[in-house]
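Just so we're aligned, residue 34 is where the sequence shown starts under our numbering, counting upward by one. Report on the structure given below.
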Amino acid sequence: MKARVAKFRIGAVVRHRYHPFRGVVFDVDPVFNNTEEWWLAIPEENRPDKNQPFYHLFAESADKEYVAYVSEQNLLPDDSGEPMRHPQVAEVFEADGTGGYRTRATVMH
């Protein structure tokens, strides 16, 4: 299998290419790593290739916050500069001053 490099880093703010939501990347799978049931729920004409990075997002639309799993081909950078309101973003990340986020430092006791 050919090595792949993810286009978006942990903490990047992205938006969906077709659907009205945006999110912060909190994990990346180098290839599809979800259930077949999830995969088959996507209409066949819209199913992305499994052999690409898939991103776990703290996502938000106009009216709700949730976790999303999205293929790289369906994501674009979000350069709006708008802060994220998803409650888990503040638990895991802090603003990095460039419009993205970085993982919060943790203290081990």
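Virtual Cβ for every residue (Gly too), placed ideally from N, Cα, C. Quick caveat: nothing in here was measured; it's all calculated off a predicted structure.
Next on the checklist: Taking a contact to mean a Cβ-Cβ separation below 9 Å, would you say V125 touches F41 in this structure?
Outcome noted: Residue mapping note: residue 125 aligns to position 92 of the sequence shown, counting from 1. Residue mapping note: residue 41 aligns to position 8 of the sequence shown, counting from 1. It is not a contact, given that the beta carbons lie outside the stated cut-off.
Item to check | Other residues of its chain near G133: CB distance less than 7 Å, five sequence neighbours each side excluded | outcome: Taking the first residue of the sequence shown as 1, we reach residue 133 at position 100. Here the set comprises G44, A45, V46.
Next on the checklist: In this structure, how does DSSP classify V125 when only helix, strand and coil are distinguished?
Outcome noted: Numbered from its first residue, the sequence shown carries residue 125 at position 92. DSSP places V125 in the helix class (H, G or I) of the three-state scheme.
Item to check | Residues bridged to E93 [DSSP beta-bridge criterion] | outcome: On the sequence shown, residue 93 is found 60 positions in, with the first residue counted as 1. DSSP output for E93 lists R55, E98 as bridge partner(s).
Item to check | Range covered by the alpha helix (DSSP H) that runs through E78 | outcome: Position 45 of the sequence shown, counted from the start, is the residue given in the question as residue 78. Going by DSSP, E78 is part of no alpha helix (DSSP H) at all; its letter is neither H nor E.
Item to check | Reference Q85; option with closest CA among Y102, E98, Q121 | outcome: Taking the sequence shown and counting its residues from 1, the one referred to as residue 85 is at position 52. Ranking the options by Cα distance to Q85, first place goes to Y102.
Item to check | Cutoff 7 Å; reference S94; Cβ partners in own chain excluding five residues on either side | outcome: Numbered from 1 along the sequence shown, position 61 holds the residue referred to as residue 94. The residues are P53, F54.
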